[in-house]
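**Q** Quick one: the structure is below, questions incoming.
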Amino acid sequence: MNYFLGKDLDAEVLERVSQTFKALGDPTRIRILSLLAREECAVNQVADALQLSQSAVSHQLKTLRAYRFVRYRREGQNILYTCDDAYIIELLNEAVRYAIEQ
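Under the numbering used here, think of the first position of the sequence shown as 44, with each following residue one higher.
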């Protein structure tokens, strides 16, 4: 179903769409989501893989958690994160495809 064409979008929906794009508008968050869509990782694994500080990764994961773009579970003393939201993955895939084709 195409929600974007042929339908008036109410203010609440538009605000949620805007907030979604705002949350996804950071290159570091996109890199983190790309990694977590491929594999479940702890903060230190994300930091190592993306060559970021653990503090920077934790800060970005806090935002991604707030928007429910990532899921997490505790395993011992580690918290493991993953992105298995098919809608977010498809949205980012289409955005990357759009950027490449421009």
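We treat Cβ as the ideally placed atom computed from N, Cα and C, and that holds for glycine.
Take Leu79 and list the residues in its own chain whose beta-carbon comes closer than 7 Å to its own, dropping the five residues that flank it on each side.
**A** Within the same chain, Leu79 has close Cβ partners Val113, Tyr124, Thr125, Cys126.
**Q** What does DSSP give as the partner residue(s) for Cys84 in the beta ladder?
**A** Per DSSP, Tyr124.
**Q** Are the CB atoms of Val86 and Gln94 nearer to each other than 9 Å?
**A** No, the Cβ-Cβ distance between Val86 and Gln94 is not below 9 Å.
**Q** In whole angstroms, what is the alpha-carbon distance linking Gln88 and Ala109?
**A** The straight-line gap from Cα to Cα measures roughly 21 Å.
**Q** What's the gap between the Cα of Arg116 and the Cα of Asp51?
**A** Each residue's Cα considered, the two are about 39 Å apart.
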